[in-house]
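Per UniProt numbering, the sequence shown starts with residue 1, numbered consecutively.
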Amino acid sequence: MSVQTLKEWPASLRFWSEFASQRTPVVLDAGLVMDFARLTAWSDEYLREKAGAAKLLIERRSASTDSFGKGQKVSMSFGDFCKRLQGSDDLLYLSSQQLRTARNGNPDCLGPPLDYLTADIPLQPQITGHLLPQQINMWMGLAKDGASSGLHHDYHDNLYILLRGRKRFRLFPPDHAHLMYTHGNVAQIYPNGRIVYEGQGNVAEDGADEDEVDRWQRKQDAEQRLAAAEEALAEGAQGAAQDLEAAEAQLDALLDSHLRPARPTKRAKHDHVHEQDEQTVIPGHDEDDEEDEDEDELASGSEFGGLADDFQDDYQGSDDDSDAGAGAPPSNAGQNDAHDALDPAPCNFSRVDLSMPAKQLAKQFPNFPGLKAATEVELKAGQMLYLPAGWFHEVTSFSDGPAQTHLALNYWFQPPDNLDASPAGFASPYRSAFWRSLWEGRNNGKDALHNIGRRNTKHDGRKAARTWQPTRPYESAQLGL
């Protein structure tokens, strides 16, 4: 197959009906227009001026011939990182950063340095319609000879916006998952391409945990009962006081049953298969750091605070632009039957090394369809690639010129499970209201992007006691780890 390239910016309904609902990749070659126009200002000077003070954890490799994604990170400011790249340092790489967590436990949509650049970034791009963002990331590095991400798939729909450099994507559809020699054992491939692995739990087609959705729905029902009882009491209905007391007790009991045990220590978390080191917690940058840190400390004791860390941990090493997969253990001849539980590579990464000679590749991975089966996409600066969840891809990054960086912005969206191509499907791409409810919780405030990390920080104790928070990792890429 070939990937269609659109020279004109499509209406969001067309984007949905022809591509998102059909789970079909597409290249957008209409330039950085519409709500992406401000990205054209992202020169090194501009980025340093706006976000130079941002505190980051930067991936570091030991040599230009080595790979990223091995867990080695250094702390530095974004300004210093940009200076190192301008000095032709190709040993450093900016990948996704730790997300902050508000007091109510909801994780932010973006971390540093993007939280300094919120005026330039649309929270929900017009073209993607009603798809709900899960995270927004910046990827930046220097690759003189090309740097590979390793073959893997994502758990979310991806809108990949290339601002500098060149990218080569090699694509395989989700229904090839059983041929990809993934580190995890494939348990299910949903019609929308969402892949679930053994041990990841009861995952729905839209990526939500079905048990969590059930708890959320019961909470919604209890709140509706409470609202009806309060209304009846206001109207003086007979027995309303008793109904209100019963409704409050039901809701309180439901929320109490969701309380999560104390968050495990970082040392305990290291016992998991794929976790970050303890340097991954990034302090905020605004004037009220002390207040924000207090909020984060409170959040870390909540169900959602620790879960946001779990979610972020799982995403490190599974991005679309770094050498994250290159640091995985050597490929082996078996499919996955003897998959080692101590394998540090994420489930969604393939053991196949596409740089191997064709004969060796065929011998070591006899079921792999080979490079001839791949769909290749060359992405240039100013172009975008929409890639639905579950599509396997290897991304090779190239810098243009001796000291030119490659720079990209990407959005991950919750994968839709209502694939009706009509306007009705466009308006409601998710069968459940679960993600919409969480999205509204994540972005409750005067302005979602301009109040990063400061949502729902002032509410009375009664409301705080009734704040619902998931008991499993929020959208974790590695459910069950």
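Just so it is clear, CB atoms sit at the ideal spot from N, CA and C, and this is done for glycine as well.
- Query: Given Phe-169, which residues of its chain have a CB within under 6 Å of its CB, disregarding the five upstream and five downstream residues?
  - Reply: For the purposes of this step, residue 169 is taken as the residue at position 169 of the sequence shown. Taken in chain order, the residues that qualify are Val-377, His-393, Val-395.
- Task: Between the Cα of Arg-225 and those of Glu-248, Pro-173, Ala-237, spot the shortest distance and give me the residue it belongs to.
- Result: Here residue 225 refers to the residue found at position 225 when the sequence shown is read from its first residue. Residue Glu-248 is the option with its Cα nearest to Arg-225.
- Message: Under DSSP, the beta strand (DSSP E) around Lys-55 begins and ends at which residues?
- Response: By one-based count along the sequence shown, residue 55 stands at place 55. Per DSSP, Lys-55 belongs to the beta strand (DSSP E) from 55-60.
- Close beta carbons around Ser-77, own chain, < 8 Å, minus the five adjacent residues each side: Here residue 77 refers to the residue found at position 77 when the sequence shown is read from its first residue. Answer for Ser-77: Gly-52, Ala-53, Ala-54, Lys-55, Leu-56, listed in chain order.
- Message: For His-406, list the residues DSSP reports as bridge partners.
- Response: Residue 406 sits at position 406 when you count from the first residue of the sequence shown. DSSP output for His-406 lists Gly-141 as bridge partner(s).
- Message: Suppose only complete runs of 3+ residues qualify. What are the beta strand (DSSP E) ranges in the region 365-398, listed by chain order?
- Response: Counting only runs of 3 or more, we get 375-380, 384-387, 392-398.
- Assign Thr-5 to one of two classes, buried (16 or more other C-beta atoms within 10 Å of its C-beta) or exposed (fewer than that). Locating residue 5 in the sequence shown gives position 5, counting from the first residue. Result: exposed.
- Message: Looking only at its chain, what residues have a beta carbon closer than 8 Å to the beta carbon of Val-213, apart from the 5 residues adjacent to it on each side?
- Response: For the purposes of this step, residue 213 is identified with residue 213 of the sequence shown, where counting begins at 1. Same-chain partners within the cutoff: Ala-204, Ser-432, Phe-434.
- Message: Run through the DSSP bridge pairs and tell me what Tyr-197 is partnered with.
- Response: By one-based count along the sequence shown, residue 197 stands at place 197. Tyr-197 is bridged to Val-186.
- Query: Which residues bound the beta strand (DSSP E) around Phe-172?
  - Reply: Walking along the sequence shown from the start, residue 172 turns up at place 172. Per DSSP, the continuous beta strand (DSSP E) segment holding Phe-172 begins and ends at 166-172.
- Query: Exposed or buried, Glu-440, counting other C-beta atoms within 10 Å across all chains shown (16 or more means buried)?
  - Reply: Your numbering for residue 440 matches position 440 in the sequence shown. Exposed, since its Cβ has fewer than 16 Cβ neighbours within 10 Å.
- Query: Count the other CB atoms within 10 Å of the CB of Asp-90; is the residue buried (16 or more) or exposed (fewer)?
  - Reply: On the sequence shown, position 90 is the one that residue 90 refers to. Counting every other CB atom within 10 Å of its CB across the protein chains shown gives Asp-90 a total of 16 or more, marking it as buried.
- Query: Is DSSP giving Trp-42 helix, strand or coil here?
  - Reply: Counted from its first residue, the sequence shown places residue 42 at position 42. Annotated three-state conformation of Trp-42 is coil, per DSSP.
- Message: Rounded to the nearest angstrom, what separates Trp-79 and Glu-45 at their Cα positions?
- Response: The residue given as residue 79 occupies position 79 in the sequence shown. The residue given as residue 45 occupies position 45 in the sequence shown. Note that residue 79 is Gly in the sequence shown, not Trp. Those two C-alpha atoms are separated by around 9 Å.
- Task: Indicate the three-state DSSP secondary structure (helix, strand or coil) for Thr-24 in the structure shown.
- Result: Indexing the sequence shown from 1 puts residue 24 at position 24. Reduced to three states, the DSSP call for Thr-24 is coil.
- Task: Under 8 Å by Cβ, that's how I've got Arg-164 and Thr-405 pegged, so tell me the actual separation to the nearest angstrom.
- Result: Here residue 164 is taken as the residue at index 164 of the sequence shown, counted from 1. Here residue 405 is taken as the residue at index 405 of the sequence shown, counted from 1. About 6 Å separates the two Cβ atoms, so the contact holds.
- Query: Given that a residue counts as buried once 16 or more other Cβ atoms are within 10 Å of its Cβ, and exposed if not, what is Gln-134?
  - Reply: Residue 134 sits at position 134 when you count from the first residue of the sequence shown. So Gln-134 counts as buried.
- alpha helix (DSSP H) containing Ser-77: first to last residue? What you label residue 77 is simply residue 77 of the sequence shown in a count that begins at 1. Careful: Ser-77 lies outside any alpha helix (DSSP H), inside the beta strand (DSSP E) at 73-77.
- Task: Alpha carbon to alpha carbon, how far is His-130 from Gln-220? Give it in angstroms, no decimals.
- Result: Looking up residue 220 in the sequence shown gives position 220. Looking up residue 130 in the sequence shown gives position 130. Distance from the CA atom of Gln-220 to the CA atom of His-130, rounded to whole angstroms, is 22 Å.
- Query: Okay, do the region 346-359 and the region 181-195 touch, 3+ Cβ pairs below 8 Å being the bar?
  - Reply: They touch, by the three-pair rule.
- Message: Assuming Arg-48 and Cys-82 are in contact, meaning their beta carbons sit under 8 Å apart, how far apart are those beta carbons, in whole angstroms?
- Response: Along the sequence shown, read from residue 1 onward, the residue named residue 48 stands at position 48. Along the sequence shown, read from residue 1 onward, the residue named residue 82 stands at position 82. Sure, about 5 Å apart at Cβ, within 8 Å.
- Message: Just to confirm, is the Cβ distance from Arg-194 to Gly-390 under 8 Å?
- Response: Numbered from its first residue, the sequence shown carries residue 194 at position 194. Numbered from its first residue, the sequence shown carries residue 390 at position 390. Judged by their CB atoms, Arg-194 and Gly-390 are nearer to each other than the 8 Å cut-off.
- Own chain partners of Ala-381 with C-beta closer than 7 Å, once the 5 adjacent residues on each side are dropped: Locating residue 381 in the sequence shown gives position 381, where the first residue counts as 1. Cβ contact annotation for Ala-381 (same chain, cutoff 7 Å, sequence separation greater than five): Leu-162, Leu-163, Arg-164, Gly-165, in chain order.
- Item | Gly-370 versus Ile-127 - alpha carbon distance | Counted from its first residue, the sequence shown places residue 370 at position 370. Counted from its first residue, the sequence shown places residue 127 at position 127. Near 34 Å, if we compare the C-alpha coordinates of Ile-127 and Gly-370.
- Message: Using only the alpha-carbon positions, how far apart do Pro-366 and His-178 sit?
- Response: The residue labelled residue 366 in the question sits at position 366 within the sequence shown. The residue labelled residue 178 in the question sits at position 178 within the sequence shown. Cα to Cα, Pro-366 sits roughly 12 Å from His-178.
- What is the DSSP secondary structure of Gln-16, reduced to helix, strand or coil? As a first step, residue 16 is located in the sequence shown; it is residue number 16 there, counting from the start. The displayed chain sequence assigns Trp, not Gln, to residue 16. Correct three-state label for Trp-16: helix.
- Anticipated Cβ contact below 8 Å, Ala-408 with Tyr-160, distance rounded: The residue labelled residue 408 in the question sits at position 408 within the sequence shown. The residue labelled residue 160 in the question sits at position 160 within the sequence shown. The pair is a contact, with the Cβ atoms about 6 Å apart (cut-off 8 Å).
- Message: Determine whether the beta carbon atoms of Val-3 and Val-33 lie at a separation below 8 Å.
- Response: For the purposes of this step, residue 3 is identified with residue 3 of the sequence shown, where counting begins at 1. For the purposes of this step, residue 33 is identified with residue 33 of the sequence shown, where counting begins at 1. Contact: no.
- Euclidean distance between Cα positions of Gly-325 and Ser-355: As a first step, residue 325 is located in the sequence shown; it is residue number 325 there, counting from the start. As a first step, residue 355 is located in the sequence shown; it is residue number 355 there, counting from the start. Note that Gly-325 scores 36 on pLDDT, short of 50, meaning its location in the model is unreliable and no value can be drawn from it.
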